[in-house]
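Undergrad: Be aware that the sequence shown starts at 102, since it is given in the numbering used here, and climbs by one per residue.
What follows is a structure written as C-alpha cells; I'll ask about it next.
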Amino acid sequence: MRNDSTRTTARTRRVAALGVVTTAALLAVTACSGGSDAAEDGDVTLRFTWWGAEHRNEVTEEVIARYEEQNPDVTIEAENSPWEGYWDRLATQSAGSDAPDVIQMDASYLSEYSARGALLDMDQVDVSSFDDNAVQNGTTDDGLVGVTTGINTMTVLANPGLFEQAGMELPEDESWTWDDYLEMTSDLREELPEEVYGDGGVPQTADLQIWLRQQGKHLATADGELGHSVADLEKYLEYQHDLLEAGSYPSATIMQEVSGMAPGESPFETGEQAVGRWWSNQVPALSEQAAVDFEPLRFPSQSGSSEDNGLWFKSTMMYSVSSATEHPEEAQEFVDFLVNDEEAAEIIGMDRGLPASEGAREVVLDQIDGQEQVVADFIDEVSDEIGAAEPVPPVGFSQLQDIAYRYCNEVFFGRLTPAEAAEQMHAEMQEALDQG
Numbered sequence: 102m103r104n105d106s107t108r109t110t111a112r113t114r115r116v117a118a119l120g121v122v123t124t125a126a127l128l129a130v131t132a133c134s135g136g137s138d139a140a141e142d143g144d145v146t147l148r149f150t151w152w153g154a155e156h157r158n159e160v161t162e163e164v165i166a167r168y169e170e171q172n173p174d175v176t177i178e179a180e181n182s183p184w185e186g187y188w189d190r191l192a193t194q195s196a197g198s199d200a201p202d203v204i205q206m207d208a209s210y211l212s213e214y215s216a217r218g219a220l221l222d223m224d225q226v227d228v229s230s231f232d233d234n235a236v237q238n239g240t241t242d243d244g245l246v247g248v249t250t251g252i253n254t255m256t257v258l259a260n261p262g263l264f265e266q267a268g269m270e271l272p273e274d275e276s277w278t279w280d281d282y283l284e285m286t287s288d289l290r291e292e293l294p295e296e297v298y299g300d301g302g303v304p305q306t307a308d309l310q311i312w313l314r315q316q317g318k319h320l321a322t323a324d325g326e327l328g329h330s331v332a333d334l335e336k337y338l339e340y341q342h343d344l345l346e347a348g349s350y351p352s353a354t355i356m357q358e359v360s361g362m363a364p365g366e367s368p369f370e371t372g373e374q375a376v377g378r379w380w381s382n383q384v385p386a387l388s389e390q391a392a393v394d395f396e397p398l399r400f401p402s403q404s405g406s407s408e409d410n411g412l413w414f415k416s417t418m419m420y421s422v423s424s425a426t427e428h429p430e431e432a433q434e435f436v437d438f439l440v441n442d443e444e445a446a447e448i449i450g451m452d453r454g455l456p457a458s459e460g461a462r463e464v465v466l467d468q469i470d471g472q473e474q475v476v477a478d479f480i481d482e483v484s485d486e487i488g489a490a491e492p493v494p495p496v497g498f499s500q501l502q503d504i505a506y507r508y509c510n511e512v513f514f515g516r517l518t519p520a521e522a523a524e525q526m527h528a529e530m531q532e533a534l535d536q537g
C-alpha cells in the first residue's frame, strides 16, 4: 500500500492497506477533539499528518514552509511516519479526541472514518477543475471528505539492466497474457544469478483487484458486499502458487522476510528482482533509490488485449480534515493550497501522483523530466484503456489486504490448498465487511 497507494514494503506491506483500524478506537471518536489550539495572540496552529518515505517528507516540509511564509498567522505542525503503524496511531489519536487537523487519507480507510463522523465535509476546497471521478473517489454520504491529491495507476515495473543481463527483451505489454508473464519471470530466474528472481511475490490488494476487474468483477462493492466468488479467488491463488512453483517467486520464507523490510531494502530496490508491481507515483522515488531507470509496463491480461488489462485511475491518496478541528476554515484553506497552488505543485511534483487539479497538473507537466516524465507519458499512453473507477471502498475494506496476504502465505507455505484458502479467505473477507 503500499493506494500507494505510497511506499509499501516490497509492494504489499508498504503500498496496500496493512494496518487494521481498531473499530473500538474509531467508535470513540467525538466532536470535542483538541485537534489544534489557537495561540493567545490569535495565530492558528494546524497539525498535519502523513505517511511516506524520506523524499515525501522532504517535499512536504518544503511546501509547509512555503505556506507558512505566505500565511504568517498559521503554523503547521508536521506529524509524519512510515505506512507501518500510521493507521493504528491515527485510530488511537482519534479515540483520544486528539486527531490531527489535516490527515493524509487512503481510500481504503475513507468510509471507515467518514461513517463514524470523524471527517469534515470540505465544501470550501475548490475542486472545480478536478475530473468527476477524482471528486467522486472522495465523496461519501457525508459529502466531500477526501480531496484527491493526484491520480495514478498500477504498473509492472521492469529493470532493463537485468533483462539485458539475462539476454531477454522487454515484453510486448500491449498483447501479453498471464501465461506469458509466468513464462517470462520463470525464464528470468533461470538466466540470472542465483540470488536474483523474476518477481518478488508478496501480492497486494491491487493485484487481486486487477485480476478480478479483468473478469468484470470487483474485490468489494460500495454497499459492503464482496464482488467476486470463491471460485474467482481459487483461480487467483492457483496462479500465485504457479509462480512460486515455477521459480518466478523466491521461497515463502524469503517472501515473508521481504514483507517486513524497510523502504529501500527490498530485492527490487537492491537489484535482486527483475520485475515488480508498483503504483505509478512510486516510480521516480524507486528509480532514485535503486539508481535504475525502471520501465513501467501494462499489466498482463487474460485475453492478450491491453484493453482488457483491468487498470484504473486511482486517487493516489487524499487529504481529509478532522470534523473535530477547531479551525475548519483554515484547515480547508491549507488543503486547497496543497492541491491547487502552483508553487505547491512545483515543490510536490508527482510524489502524490499526477495532480488532480488541472492548474497544478499543467505546472507539473511543464517542469518534469526523467522518470517523472516517463510516468506521465505512461499514464497518457494507457489513458484510452483505463476502465471505470473502483467503487468507493466500504467500511471494513481496510482489513482485506491483511486477509489476502495471510491466505497467500498459507498457500505459499503449503498449509492450505488454493481451494481451501479461497473458501476461508472469501468467508473472512465478507465477515470483515459485515462487521465494518
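We put the CB at the ideal spot given by N, CA and C, even for glycine.
Note that the coordinates shown come from a computational prediction; the quantities given were computed from them, not determined experimentally.
Quick one: which unbroken beta strand (DSSP E) runs of 3-plus residues sit fully inside the region 219-288? Chain order, please.
TA: Taking only runs of at least 3 residues, the beta strand (DSSP E) segments lying wholly in the region 219-288 are 251-253 and 255-259.
Undergrad: Could you say if the region 300-318 and the region 343-355 meet the contact criterion of at least three C-beta pairs nearer than 8 Å?
TA: Yes, the region 300-318 touches the region 343-355.
Undergrad: Glu155 to Val422, Cα distance in whole Å?
TA: Within the sequence shown, the letter at position 54 stands for residue 155. Within the sequence shown, the letter at position 321 stands for residue 422. So the two alpha carbons sit approximately 24 Å from each other.
Undergrad: Please list the terminal residues of the continuous beta strand (DSSP E) segment that includes Trp438.
TA: Stepping through the sequence shown from its first residue, residue 438 is reached at position 337. Strictly speaking, residue 438 in this sequence is Phe, with Trp absent from that position. Segment Pro429 to Asn441 is the alpha helix (DSSP H) holding Phe438; no beta strand (DSSP E) there.
Undergrad: Could you give the distance in angstroms between the alpha-carbon of Asp394 and the alpha-carbon of Val475?
TA: In the sequence shown, counting from the first residue as 1, residue 394 sits at position 293. In the sequence shown, counting from the first residue as 1, residue 475 sits at position 374. Distance between the alpha carbons of Asp394 and Val475 is about 9 Å.
Undergrad: Would you mind giving the Cβ-Cβ distance between Gln531 and Leu327, rounded to the nearest angstrom? I have them listed as a contact below 8 Å.
TA: For the purposes of this step, residue 531 is taken as the residue at position 430 of the sequence shown. For the purposes of this step, residue 327 is taken as the residue at position 226 of the sequence shown. The pair is a contact, with the Cβ atoms about 5 Å apart (cut-off 8 Å).
Undergrad: Do Ile252 and Leu412 come within 8 Å of each other at the CB atom, strictly closer than that value?
TA: Here residue 412 refers to the residue found at position 311 of the sequence shown. Here residue 252 refers to the residue found at position 151 of the sequence shown. No, the Cβ-Cβ distance between Leu412 and Ile252 is not below 8 Å.
Undergrad: Per DSSP, which one or two residues make a beta bridge with Leu147?
TA: By 1-based counting over the sequence shown, the position of residue 147 is 46. Ile177.
Undergrad: For a test of the three-state rule: what should DSSP assign to Ile448, helix, strand or coil?
TA: What you label residue 448 is simply residue 347 of the sequence shown in a count that begins at 1. Note: Ile448 maps to helix in three-state DSSP.
Undergrad: Below 8 Å on the Cβ atoms is my guess for Asp281 versus Pro272; work out the distance and round it to an integer in Å.
TA: On the sequence shown, position 180 is the one that residue 281 refers to. On the sequence shown, position 171 is the one that residue 272 refers to. Contact flag correct, Cβ pair sits at about 7 Å.
Undergrad: Can you tell me the Cα-Cα spacing of Asn234 and Ala489, whole angstroms?
TA: Walking along the sequence shown from the start, residue 234 turns up at place 133. Walking along the sequence shown from the start, residue 489 turns up at place 388. Distance between the alpha carbons of Asn234 and Ala489: 9 Å.
Undergrad: Check the DSSP bridge columns for Tyr562 and list the partner residues they point to.
TA: The structure shown has nothing for residue 562, since the chain only spans 102 to 537.
Undergrad: Is the number of C-beta pairs between the region 485-503 and the region 392-411 that are closer than 8 Å three or more?
TA: Judged by Cβ distances under 8 Å, the region 485-503 makes contact with the region 392-411, as three or more pairs qualify.
Undergrad: Given this structure, state the Cα-to-Cα distance separating Thr322 from Gln171, to the nearest angstrom.
TA: By one-based count along the sequence shown, residue 322 stands at place 221. By one-based count along the sequence shown, residue 171 stands at place 70. The straight-line gap from Cα to Cα measures roughly 43 Å.
Undergrad: Express the C-alpha separation of Thr249 and Thr240 in angstroms, rounding to a whole number.
TA: The residue labelled residue 240 in the question sits at position 139 within the sequence shown. The residue labelled residue 249 in the question sits at position 148 within the sequence shown. If you take the alpha carbons of Thr240 and Thr249, they lie about 10 Å apart.
Undergrad: Taking only three categories from DSSP, how would you classify Pro519?
TA: Within the sequence shown, the letter at position 418 stands for residue 519. Three-state result, Pro519: helix.
Undergrad: In its own chain, which residues sit with a C-beta less than 8 Å from the C-beta of Met419, not counting the 5 before and 5 after it?
TA: The residue labelled residue 419 in the question sits at position 318 within the sequence shown. Excluding residues within five positions, the ones whose Cβ falls inside 8 Å are Gln205, Met206, Asp207, Ala208, Leu211, Asn238, Gly239, Gly247, Val248, Thr249 and Thr250.
Undergrad: So, at 6 Å on beta carbons, what are the nonlocal neighbours of Glu339 in its own chain, with the 5 sequence-adjacent residues on each side left out?
TA: The residue labelled residue 339 in the question sits at position 238 within the sequence shown. Contacts found: Pro519.
Undergrad: For Gln315 versus Asp333, is the C-beta distance shorter than 8 Å?
TA: In the sequence shown, residue 315 corresponds to position 214, counting from 1. In the sequence shown, residue 333 corresponds to position 232, counting from 1. For Gln315 and Asp333, no; Cβs fall outside 8 Å.
Undergrad: Going by other Cβ atoms of all chains shown within 10 Å of its Cβ, with 16 needed for buried, is Asp452 buried or exposed?
TA: As a first step, residue 452 is located in the sequence shown; it is residue number 351 there, counting from the start. Counting Cβ neighbours within 10 Å, Asp452 comes out buried, since at least 16 surround it.
Undergrad: Can you give, in chain order, each stretch of the alpha helix (DSSP H) that sits fully within the region 453-526 and has at least 4 residues?
TA: You should have 459-468, 471-483 and 501-513.
Undergrad: Among Arg399, Pro494, Val236 and Glu169, whose alpha-carbon lies nearest the alpha-carbon of Asp481?
TA: Residue mapping note: residue 481 aligns to position 380 of the sequence shown, counting from 1. Considering only alpha carbons, the answer is Arg399.
Undergrad: Helix, strand or coil for Glu396, going by three-state DSSP, please let me know.
TA: Taking the sequence shown and counting its residues from 1, the one referred to as residue 396 is at position 295. Reduced to three states, the DSSP call for Glu396 is strand.
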